[in-house]
Structures are given as C-alpha cells and as structure tokens.
Amino acid sequence: AQSVTQLGSHVSVSEGALVLLRCNYSSSVPPYLFWYVQYPNQGLQLLLKYTSAATLVKGINGFEAEFKKSETSFHLTKPSAHMSDAAEYFCAVSDRGGANNLFFGTGTRLTVIP
Amino acid sequence: GAGVSQSPSNKVTEKGKDVELRCDPISGHTALYWYRQSLGQGLEFLIYFQGNSAPDKSGLPSDRFSAERTGGSVSTLTIQRTQQEDSAVYLCASSYHNRGSTEAFFGQGTRLTVV
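Residue numbers (our numbering), protein chains in the order written: chain A, 16 to 129; chain B, 9 to 123.
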C-alpha cells in the first residue's frame, strides 16, 4: 500500500524566509514522487518530480526537493519565499507509475507574510 | 486549446438531481483522468481513460457515478441523484501517455455544491 503524509495543513513564512513543506511517503517499492501546486481557482501544476535519476530534484519557481530513502521523506524547500508562492501544495506518490496510480496528501496551504 | 478545459466552473444543484461535468483535454493526449477534491482532503482518483481501452473505474465511489469519453477526446462525468456528500471540486487531467512519471495536466476544476 502507498500513502502520503503532509505534516502541517497550514504553514506561514515571512517574505524572504526559507520555505519548508514536509512530505513523508509509504511505498513497498521505489516510488515516483511529485509535488504539485494549486493557486486559487486554478488546477494543479507540477512543481517537480522524483524518478530515481537524482535524489535532489530542482523544479520550477526556485523550488527543490530531496528524496531521502532512509527517512521516507520528500520535503519541498525554497531558500527565499515570495508573495507569489502563496498557494496550496500537494505531495503525491505512485508505486506503479501513471497518473491513475497517484496518491495525494491532504495538502499544505502556504501563506507568505509581507 | 492550450490547456485542459472544464465546464461549468461552478455548479449548484439540488439534492437528488443529476449533473454532468465536462472535460476537454489537451489535444493529442491519450490519457484522461477524473479526480475529486473534497474540503480538507487530498485528491481522490475516480476514473481513468486510455485510448480505446476499457476505462479504469476503480475509484468511482458508487454506481451513481459514471463517465464516458467520446471519440477519445471530450469526457463527461455524470453524477445521478446527487447527495450532499458529493459536494467537492471535480478535477480533470490529461497526459500524453500513462507510463512511469508521466506528467498529468490539470484543468481548473468544477466546483459542485449540492444543496
């Protein structure tokens, strides 16, 4: 069975501060891991994905995530938050590949304080 | 179109009525998916279409839910005899294929409210 846990349904950071959104996964096989972002009244947009090629994955808008097998984690980070980063972020895992096999976390809403 | 298009963007319906939600995927994408996003919950997979193959309906929550994809393009999700617990945002996505780490492109969703 596979699942995703996102710690913290709401995270607030000051503009310019480090962004850290946590994601822990459970999978019986090497997983595919994804981070999606959802801006208000929009669909989900892929930020980045882990496919075993490299443990540190760089995505769009300055975000990156590191796959740590020993910790079963795939936390999302950004060195300096911008106001435009305010959105909801979803971590997802797939053990078989394919978007019909994605299991999503419950999401983390990021607020950026000016 | 440039992206996945869904209509209507908002739908309010009375309990017991049937509703139809439409999804127009990105041209050339062979795979199409429907997800449901309920308040405070993650996305829940509903159904998946791949080309002319039989759809994967494993995520449909009840027999009140059905979907079809005509001509390998536009898809319609139908909910019969709607219940209040059906209130959610219904998201459609499409992708070129459905292997490995394929990226699914999502539409803006249809917000369904059952009153």
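Backbone N, C-alpha and C define an ideal beta-carbon position, used for all residues, glycine too.
How about Val82 (chain B) and Asp26 (chain B): do their beta carbons lie closer than 7 Å?
-> no
Distance, Cα to Cα, Tyr104 (chain A) vs Lys19 (chain B)?
-> 25 Å
Determine the chain B residues that contact Gln57 (chain A) at a beta-carbon separation under 7 Å, and present them in chain order.
-> Gln116
Run through DSSP, which three-state label would Gly61 (chain B) get?
-> A quick correction: the sequence has Ser, not Gly, at residue 61 (chain B). Here Ser61 (chain B) sits in coil by DSSP.
Name the chain A residues whose beta carbon is nearer than 9 Å to that of Asp64 (chain B)?
-> Asn115
Have a look at the DSSP bridge pairing and note the partners of Gln60 (chain A).
-> A:Val52
Pairing CB atoms from the segment 116–125 of chain A with CB atoms from the segment 50–57 of chain B, are three or more of them under 8 Å?
-> yes
Expected contact under 8 Å - CB spacing of Leu36 (chain A) and Leu91 (chain A) to nearest Å = 4 Å
Of all Cβ atoms in chain B, is any one closer than 7 Å to the Cβ of Thr20 (chain A)?
-> no
Buried versus exposed call for Asp71 (chain B) [16 or more other C-beta atoms within 10 Å across all chains shown] = exposed
Once you ignore the five residues that flank Tyr165 (chain B) on each side, which residues in its own chain have a CB closer than 7 Å to its CB?
-> Chain B is shown only over 9 to 123; residue 165 (chain B) falls outside these bounds and no answer can be derived.
Anything in the segment 32–55 of chain A with a Cβ closer than 7 Å to a Cβ of chain B? List those residues in chain order, please.
-> Tyr47
With 8 Å as the limit, tell me which residues of the segment 90–104 of chain B have their beta carbon closer than that to any beta carbon of chain A; keep them in chain order.
-> Leu99, Ala101 and Ser103
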